[in-house]
Structures are given as structure tokens and as C-alpha cells.
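Engineer: Residue numbers (the numbering used here): 17 to 302.
By construction, the Cβ of each residue, glycine as well, lies at the ideal position given by its N, Cα and C atoms.
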Ligand SMILES: Cc1cc2nc3c(=O)[nH]c(=O)nc-3n(C[C@H](O)[C@H](O)[C@H](O)COP(=O)(O)O)c2cc1C
Ligand code: SF4
Ligand code: SF4
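(1) Can you tell me whether residue 253 is buried or exposed, with buried defined as 16 or more other CB within 10 angstroms of its CB?
(2) Secondary structure at residue 264, three-state DSSP: helix, strand or coil?
(3) Could you say if the region 49–66 and the region 137–146 meet the contact criterion of at least three C-beta pairs nearer than 8 Å?
(4) Judging by CA-CA distance, which residue of 109, 291, 35, 220 is the nearest neighbour of residue 262?
(5) In whole angstroms, what is the alpha-carbon distance linking residue 41 and residue 273?
(6) What three-state label does DSSP hand residue 80 in the structure shown?
(7) Rounded to whole angstroms, what is the Cα-Cα separation between residue 57 and residue 23?
(8) Please report the Cβ distance between residue 264 and residue 81, rounded to the nearest whole angstrom; I am assuming they are in contact, meaning their Cβ atoms lie under 8 Å.
(9) Taking 6 Å as the limit, tell me which residues put their C-beta closer than that to any heavy atom of ligand 2, in chain order.
(10) Report all residues from its chain with a CB closer than 7 Å to the CB of residue 28; omit the five preceding and five following residues, and keep chain order.
(11) Say yes only if the C-beta of residue 246 is nearer than 7 Å to one or more non-hydrogen atoms of ligand 3, and no if none qualify.
(12) On a Cα-Cα basis, can you pick out the residue from 109, 244, 229 that is closest to residue 26?
(13) Nearer than 7 Å: is that true of the beta carbon of residue 129 relative to any heavy atom of ligand 3?
(14) Roughly how many angstroms lie between the CA atoms of residue 43 and residue 99, to the nearest whole one?
(15) Residues bridged to residue 21 by DSSP?
(16) Going along the chain, which residues of its own chain have a beta-carbon closer than 6 Å to the beta-carbon of residue 300, five neighbours each way excluded?
(17) Kindly examine ligand 3 and report whether one of its heavy atoms sits closer than 7 Å to the Cβ of residue 27.
(18) Looking at residue 126 and ligand 3, is the gap between the Cβ and the nearest heavy atom below 7 Å?
(19) Which stretch, first to last residue, makes up the beta strand (DSSP E) that contains residue 251?
(20) Taking residue 103 as part of the beta strand (DSSP E), name the residues at either end of that continuous run.
(21) Over the uninterrupted beta strand (DSSP E) stretch that includes residue 258, give me the two end residues.
(22) Taking 7 Å as the cut-off, is the C-beta of residue 209 nearer than that to any heavy atom in ligand 1?
(23) Which residue's Cα is closest to the Cα of residue 76: 38, 201, 235?
(24) Please report how far the alpha carbon of residue 180 lies from the alpha carbon of residue 198, in whole angstroms.
(25) If you compare alpha carbons, which of 120, 109, 151 is closest to residue 13?
(26) Taking residue 34 as the reference, which of 101, 116, 60, 286 has the closest Cα?
(27) Quick check: does the Cβ of residue 73 come within less than 7 Å of any heavy atom belonging to ligand 1?
(28) The beta strand (DSSP E) with residue 130 in it runs from where to where?
(29) Identify whether residue 91 lies in helix, strand or coil by the three-state DSSP scheme.
(30) Is it the case that the CB of residue 200 approaches a heavy atom of ligand 1 more closely than 7 Å?
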């Protein structure tokens with residue numbers, strides 16, 4: 017296999033595990049997307065590039081803001097074999113198609129894309145069988161992605177399951193509609209604390225949603241939340257976290273706080289993170 021680099025973004029570990037397992041199997045380098053974002057442009061020497069990330073806000077953005085920015089920085093990718101894996105809790109809709117469009121804007125193209133269902137980390141999902149989802153990845157999906165990518169096959173754009181597909185398609189259309197989009201934006205906007213009528217873009221709203229985050233008396237000032245924040249969005253001031261308003265909504269701070277002291281948008285289910293991930297795996301090194 018040619019030289020491979022696997023770039024990932026992850027808040028609660030689902031995408032990290034997927035990226036780590038693929039990198040191990042393919043014998044590629046595992047690199048966190050935030051760790052390369054200080055570069056103005058990013059030139060990748062590997063012939064094969066993997067991009068692994070969670071699906072956010074199907075119908076609104078689909079892709080985390082930082083992942084889109086990462087792709088927009090990629091240089092000289094026209095001859096690269098690029099594949100992507102998105103992890104999702106319910107359905108990923110046109111996420112891979114949207115990613116392909118962003119890659120094409122940089123003169124590359126997505127050769128293959130895969131959606132991997134994982135536990136929903138943003139809310140408690142009834143009847144979710146987490147063990148089945150974890151096993152399905154290890155026993156089936158990892159091997160099929162490895163074989164597909166190792167052979168440098170092209171054209172796969174995994175889609176949502178037979179029953180989920182129509183629901184997610186309708187959801188995406190609803191989110192994009194002139195009637196419902198403003199409704200969704202307004203309800204998200206409420207968490208920013210700005211007046212409902214303000215005309216912030218969806219990207220601005222996402223960045224500002226940390227204005228709803230606050231701690232209770234259980235906070236012990238350990239700074240774990242600051243260390244796991246992939247985008248340096250938390251400063252510790254007087255032993256308390258202070259959010260800096262360039263949030264990705266990844267929920268890492270809320271879910272990795274051992275004291276369950278952080279409240280705000282997306283705090284349920286409390287403490288979810290992938291069981292095979294250690295907190296040190298999520299630590300930023302820079
Ligand atoms: C802000 C936010 C928005 C999300 N939106 C969606 C969504 O639209 N559709 C979906 O299926 N899952 C959605 N999810 C769930 C995640 O995509 C899923 O749990 C993912 O595996 C989490 O990956 P991570 O553990 O690597 O952060 C969302 C999660 C968050 C935090
Ligand atoms: S991780 Fe929790 S306890 Fe530690 S500083 Fe952050 S909010 Fe406080
Ligand atoms: S502040 Fe919390 S939710 Fe926002 S990017 Fe950092 S860890 Fe993620």
C-alpha cells in the first residue's frame with residue numbers, strides 16, 4: 017500500500033476509534049485535524065488520504081466547521097486517492113456528497129465514502145443497542161473499508177439504510193426549506209443568548225453556542241475540559257472554565273468532565289464517550 021495518512025476530528029471518541037482502527041489496519045499515520053490547522057495551507061505527502069469525522073446538523077452544515085476548513089486548506093490533491101468515513105447517530109444523508117463538493121473546490125475528489133453508525137452522543141436515543149454498533153464496526157465494517165481502500169477502489173458512497181434514507185432525506189429537505197430553516201436557526205440561536213431576530217449565519221451560531229455553557233458547584237478546577245477541547249476554546253481562569261466562542265459543538269468538554277459539572281446545550285446523555293477511548297487519547301499535544 018502507498019503511504020497513507022488518516023486525518024480525524026472527534027469529540028466523544030466514536031470517530032477517533034474508527035480513524036485509529038483504520039490507521040492500524042492500513043499501517044498509516046494517524047493525525048488529528050486540529051493539530052495541523054495552524055498552517056495556512058496543508059500539503060500532504062501521502063498518496064492516500066483518509067478523513068474521519070462526526071456528522072453534525074444534517075441539513076444545515078452536515079460537516080463540522082473545522083473539517084470543512086481543513087479540506088479548504090488542502091493543496092495539490094488532484095492526484096490523491098481520498099476516502100472519508102463519517103460517523104453518525106441516526107442518519108448522514110448527503111454528508112459525503114457535500115464533502116465531495118468541498119474537496120472538488122480544491123481540485124480533488126472523494127474516491128470513496130462510508131457512513132458508520134455509532135452511538136448518538138447529542139441526545140439519549142431510545143432502543144439504541146450500543147454493543148451491536150461497536151461490534152458491527154469491528155467485525156464487519158472495518159474489514160470491508162480496509163479491503164475497499166487497500167484495493168484503491170472508487171465510487172462507493174455508502175448511503176443510509178433502507179428505512180432511514182427516506183426519513184433523513186425528508187429531514188434534510190425540511191431543514192433547508194424557507195419555512196423551517198429559520199425556525200431551526202432561531203431555536204439554536206436562543207442558546208447563543210443573542211436576540212432571536214438577529215441574523216447570524218449558521219456557522220456563527222455554532223461558534224457562539226458555548227454561550228449556553230456554564231459550570232455548577234461540582235467543578236473542581238481540574239482543567240480536563242480545557243485539555244480535551246480540540247480547538248482550544250476553553251481557558252481556565254480562577255480555576256473555572258471560560259469558553260472563548262469559537263466552539264465546534266463537539267461536546268467533549270461536557271462529556272469528559274468527571275464531575276459532570278458542565279451544563280448547557282447538548283449535555284444529555286451525561287458522560288457518554290466511546291468505552292475504548294482513554295482520556296489521554298483525546299488530550300491535545302500542543
Ligand atoms: C452538535 C452535534 C450534531 C449532531 N448531528 C447529528 C445529525 O444531524 N445526524 C446524526 O445522525 N448524528 C448527529 N450527531 C451525532 C454524532 O454524529 C455521532 O454520535 C458521532 O458518532 C459522534 O462522533 P465523535 O464521538 O467522534 O464526536 C450530532 C452530534 C453533535 C455533537
Ligand atoms: S473538567 Fe469539569 S471539573 Fe474539571 S475544570 Fe472543567 S468543568 Fe471543572
Ligand atoms: S468548547 Fe466544548 S463543545 Fe466547544 S469545541 Fe471545545 S470541547 Fe467541543
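Structural biologist: So, to answer that:
(1) Here the question's residue 253 lines up with position 237 in the chain shown. By the neighbour-count rule (16 or more Cβ atoms within 10 Å), residue 253 is not buried but exposed.
(2) Taking the first residue of the chain shown as position 1, residue 264 is located at position 248. When secondary structure is reduced to three states using DSSP, residue 264 falls in the coil class, being assigned neither helix nor strand.
(3) No, they do not touch.
(4) For the purposes of this step, residue 262 is taken as residue 246 along the chain shown, with counting starting at 1. Nearest to residue 262 by C-alpha distance, out of 109, 291, 35, 220, is 220.
(5) Locating residue 41 in the chain shown gives position 25, where the first residue counts as 1. Locating residue 273 in the chain shown gives position 257, where the first residue counts as 1. Answer to the nearest angstrom: the Cα atoms are 31 Å apart.
(6) Walking along the chain shown from the start, residue 80 turns up at place 64. In the structure shown, residue 80 falls within a coil segment according to DSSP collapsed to helix, strand and coil.
(7) Along the chain shown, read from residue 1 onward, the residue named residue 57 stands at position 41. Along the chain shown, read from residue 1 onward, the residue named residue 23 stands at position 7. Between residue 57 and residue 23, the C-alpha separation is close to 15 Å.
(8) For the purposes of this step, residue 264 is identified with residue 248 of the chain shown, where counting begins at 1. For the purposes of this step, residue 81 is identified with residue 65 of the chain shown, where counting begins at 1. The C-beta distance from residue 264 to residue 81 rounds to 6 Å, short enough to meet the 8 Å contact threshold.
(9) Ordered along the chain, the selected set is 231, 235, 236, 237, 238, 239, 240, 241, 257, 273, 275, 277, 278.
(10) Here residue 28 is taken as the residue at index 12 of the chain shown, counted from 1. Taken in chain order, the residues that qualify are 137, 267, 268, 271, 288, 289, 290.
(11) As a working note, residue 246 is residue 230 in the chain shown. Within the cutoff, so yes.
(12) Here residue 26 refers to the residue found at position 10 of the chain shown. The option with the nearest alpha carbon to residue 26 is 244.
(13) Within the chain shown, residue 129 is the residue found at index 113, counting from 1. For residue 129, the shortest C-beta to heavy atom distance toward ligand 3 is 7 Å or greater.
(14) Counting from 1 along the chain shown, the entry for residue 43 is found at position 27. Counting from 1 along the chain shown, the entry for residue 99 is found at position 83. Going by the C-alpha atoms only, they are around 15 Å apart.
(15) Within the chain shown, the letter at position 5 stands for residue 21. Paired residues: 45, 65.
(16) In the chain shown, residue 300 corresponds to position 284, counting from 1. Result list for residue 300: empty, nothing under 6 Å.
(17) Taking the first residue of the chain shown as 1, we reach residue 27 at position 11. Checking the Cβ of residue 27 against ligand 3 gives yes.
(18) The residue given as residue 126 occupies position 110 in the chain shown. Checking every heavy atom of ligand 3 against the Cβ of residue 126, none is found closer than 7 Å.
(19) The residue you call residue 251 lines up with position 235 of the chain shown. That run of the beta strand (DSSP E) goes 250–253.
(20) Position 87 of the chain shown holds residue 103. Secondary structure note for residue 103: its beta strand (DSSP E) is the uninterrupted segment 97–104.
(21) Position 242 of the chain shown, counting from 1, holds the residue named residue 258. Boundaries of the beta strand (DSSP E) around residue 258: 256–259.
(22) Position 193 of the chain shown holds residue 209. Distances taken from the Cβ of residue 209 to the heavy atoms of ligand 1 include none shorter than 7 Å.
(23) Walking along the chain shown from the start, residue 76 turns up at place 60. The shortest C-alpha separation from residue 76 is found at 201.
(24) Here residue 180 is taken as the residue at index 164 of the chain shown, counted from 1. Here residue 198 is taken as the residue at index 182 of the chain shown, counted from 1. When rounded, the distance between both Cα atoms is 25 Å.
(25) No statement about residue 13 is possible, as the shown extent of the chain runs from 17 to 302 and does not include it.
(26) Counting from one through the chain shown, the residue named residue 34 turns up at place 18. Here the closest residue by C-alpha is 101.
(27) Taking the first residue of the chain shown as 1, we reach residue 73 at position 57. Yes, since a heavy atom of ligand 1 falls inside the 7 Å radius drawn around the Cβ of residue 73.
(28) Here residue 130 is taken as the residue at index 114 of the chain shown, counted from 1. Taken as a continuous stretch (DSSP letters only), the beta strand (DSSP E) holding residue 130 covers 126–133.
(29) The residue given as residue 91 occupies position 75 in the chain shown. Strand at residue 91.
(30) The residue given as residue 200 occupies position 184 in the chain shown. Outside the cutoff, so no.
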